[in-house]
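Worksheet for the structure shown next.
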Amino acid sequence: MPYVINNAPDPMAIAERQIGAAAVIQFTPFTSCIGVITLSGDTLTAVHLALTAADGGPFDPAAAAVVLAALPDKYTSSVVIGSIAYWKNPVNGASAGYAALVDGLVNPALYPLADGAYGARIEDGAIQLTF
Numbered sequence: 008m009p010y011v012i013n014n015a016p017d018p019m020a021i022a023e024r025q026i027g028a029a030a031v032i033q034f035t036p037f038t039s040c041i042g043v044i045t046l047s048g049d050t051l052t053a054v055h056l057a058l059t060a061a062d063g064g065p066f067d068p069a070a071a072a073v074v075l076a077a078l079p080d081k082y083t084s085s086v087v088i089g090s091i092a093y094w095k096n097p098v099n100g101a102s103a104g105y106a107a108l109v110d111g112l113v114n115p116a117l118y119p120l121a122d123g124a125y126g127a128r129i130e131d132g133a134i135q136l137t138f
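Residues 8 to 138, numbered by our numbering, are exactly what the sequence shown covers, in order.
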């Protein structure tokens, strides 16, 4: 089964495998997860990514393509935040998908952080992370 991303009912509580858009966003807590945030005008689009699809399949290059297709057509910058080292480790099965994801992003900034609750807002026309 493919990696499926659902719309978040609340952009202030974007859960695993959900996407939300607003001027201010907040992810539910990360435990080995990463988040992708893009900026397009006055809107942030954020996706909370889990290492596996709902059926247990790995986050692979096909899953990365699903995420990239869900992002706005025109955005000026992007951020990847969270357990980046965990995703880059080949033992965890997501390294090829992670590489495809980062390669497909526009102007990605990488913020490798521990598990936690993260969000973002727009400040002076840029993505400002919140912790």
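For every residue, glycine included, the Cβ atom is placed at its ideal position computed from N, Cα and C.
In this text, all values refer to a predicted model and were calculated from it rather than measured experimentally.
Contacting residues, own chain, Cβ-Cβ under 6 Å from residue i (five flanking each side not counted)
i           : result
residue 163 : Lying outside 8 to 138, the shown extent of the chain, residue 163 is not represented and no answer is given.
residue 83  : 46
Burial state of residue i, where buried means 16 or more other Cβ atoms lie within 10 Å
i           : result
residue 31  : exposed
residue 87  : buried
residue 74  : buried
residue 121 : exposed
Rounded separation between residue i and residue j - CA only
i           : j           : result
residue 27  : residue 50  : 10 Å
residue 36  : residue 124 : 4 Å
residue 77  : residue 115 : 16 Å
residue 98  : residue 29  : 35 Å
residue 39  : residue 62  : 17 Å
residue 81  : residue 17  : 23 Å
residue 53  : residue 96  : 23 Å
residue 128 : residue 138 : 11 Å
Proximity to residue i [Cα-Cα], best of the options
i           : options              : result
residue 104 : 127, 130 and 70      : 70
residue 133 : 17, 21 and 44        : 44
residue 136 : 113, 97, 47 and 89   : 89
residue 72  : 117, 22, 121 and 106 : 106
Contacting residues, own chain, Cβ-Cβ under 8 Å from residue i (five flanking each side not counted)
i           : result
residue 60  : 8, 9, 10, 11, 24, 66 and 70
residue 21  : 15, 27, 32, 33, 34, 35, 42, 53, 54 and 55
residue 113 : 45, 82, 83, 84 and 85
Reduced DSSP secondary structure (H/G/I, E/B, other) of residue i
i          : result
residue 91 : helix
residue 48 : coil
residue 84 : strand
residue 96 : coil
Same chain, Cβ closer than 7 Å to residue i, five either side skipped, listed in chain order
i           : result
residue 101 : 58, 65, 66 and 94
residue 41  : 56, 87, 88, 89, 90, 91 and 94
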